[in-house]
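What follows is a short report on a single structure.
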């Protein structure tokens, strides 16, 4: 599957009062098509 945009190492705060986590997101037609949670909790600048 091809995506329009891939955003890597994004901090996700989902509103469930849980801790934030990092993930890679794939965007297709202005919607999140796939989210892959990263195991290593690090930020890449």
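Numbering (my numbering), first residue to last: 6 to 50.
Built from N, CA and C at the ideal position, the CB exists for glycine as well.
Boundaries of the beta strand (DSSP E) in which residue i is found, first to last residue
i, result
"residue 18", "Residue 18 -> no beta strand (DSSP E), and no H or E assigned at all."
"residue 30", "26 to 33"
For residue i: DSSP bridge partner residues
i, result
"residue 39", "31"
CB contact flag (residue i, residue j, <9 Å)
i, j, result
"residue 81", "residue 43", "What the structure shows of the chain is the stretch from 6 to 50, and residue 81 is not part of that stretch, so it cannot be assessed."
"residue 17", "residue 26", "yes"
"residue 33", "residue 9", "yes"
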